[in-house]
Each structure stands twice: as structure tokens, then as C-alpha cells.
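Asker: Numbering (my numbering), first residue to last: 16 to 113. Structure incoming, see below.
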């Protein structure tokens, strides 16, 4: 099986669970770097928001968060075919692997 490395801004979606319990993935933060979904939502809301908000939602860096009870994070990446890849890291290790 071949794998292909992609940069973060070239994936359709990535999701973050900031307190992974090894059983259930709870989305704490969601990002959609390579879609125009946020543009459609902006039009639908018909409201004015700071452009930095929309750029963040389409970005590759999470908001800062406090370590939870389980001291683990899980990052789930979804590729073009809908396949999911999940990586689980202890919070202290995740902080050093930026």
C-alpha cells in the first residue's frame, strides 16, 4: 500500500479531540482547509464576521486548549475519498511536535 504525504492545507478536513478517552472521538475543533464551505456559510448567515475567524476555520492550527482529564489528544484527518486517519498523542508529546 502506498501512502501520500500532503500538507495540512491540502486536506479536505481535520478534526481535533482535545481530551480523547480511547473510546469515543468527540470533535472539539473542526477545520476544513480545502473547501469553500466557509464562503457558503458566510453568504447564508448574511452577517459580518472578522475575516480572521473564517481564515482560522480553514486553517491548519488549532485554538489553544487546556489539557483535559485523559491528557491525550486525537487528530482525525479525512482524505478526498472519505478515508479517516487518526493519530493519538499524549498532550505533553503533542506540544513538542509542532
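Glycine included, each C-beta is placed from N, C-alpha and C at the ideal position.
Which same chain residues end up closer than 6 Å to residue 112 when comparing Cβ atoms and leaving out the 5 residues on each side of it in sequence?
Answerer: On the chain shown, residue 112 is found 97 positions in, with the first residue counted as 1. The predicted model places residue 112 with a pLDDT of 49, which falls under 50 and marks its position as unreliable; any figure quoted below should be read in that light. Cβ within range, chain order: n/a, list empty.
Asker: Would you call the segment 82-91 and the segment 17-24 in contact, with 3 or more CB pairs under 8 Å?
Answerer: Judged by Cβ distances under 8 Å, the segment 82-91 makes no contact with the segment 17-24, as fewer than three pairs qualify.
Asker: Can you list, in chain order, the residues of its chain whose CB lies under 6 Å from that of residue 72, leaving out five sequence neighbours each side?
Answerer: As a working mapping, residue 72 is identified with position 57 in the chain shown. Answer for residue 72: 53, listed in chain order.
Asker: Does chain B have any CB closer than 8 Å to the CB of residue 94?
Answerer: Judged by its chain identifiers, the structure shown contains no chain B, having just a single protein chain.
Asker: On a CA-only basis, which of 31, 49 and 46 is nearest residue 103? Give me that one, please.
Answerer: The residue labelled residue 103 in the question sits at position 88 within the chain shown. The candidate whose alpha carbon is nearest that of residue 103 is 31.
Asker: Quick one: give me the first and last residue of the beta strand (DSSP E) that residue 99 is part of.
Answerer: Against the chain shown, residue 99 aligns to sequence position 84. 99-105 is the span of the beta strand (DSSP E), which, as asked, contains residue 99.
Asker: With a floor of 3 residues, list each beta strand (DSSP E) that falls wholly inside the segment 33-79, ordered by position along the chain.
Answerer: Fully enclosed beta strand (DSSP E) runs of 3 or longer: 44-46.
Asker: Below 8 Å on the Cβ atoms is my guess for residue 94 versus residue 27; work out the distance and round it to an integer in Å.
Answerer: Residue numbering aside, residue 94 sits at position 79 when the chain shown is read from its first letter. Residue numbering aside, residue 27 sits at position 12 when the chain shown is read from its first letter. With a Cβ gap of about 7 Å, residue 94 and residue 27 count as contacting.
Asker: Would you mind reading off the limits of the beta strand (DSSP E) that contains residue 26?
Answerer: For the purposes of this step, residue 26 is taken as residue 11 along the chain shown, with counting starting at 1. Residue 26 -> no beta strand (DSSP E), and no H or E assigned at all.
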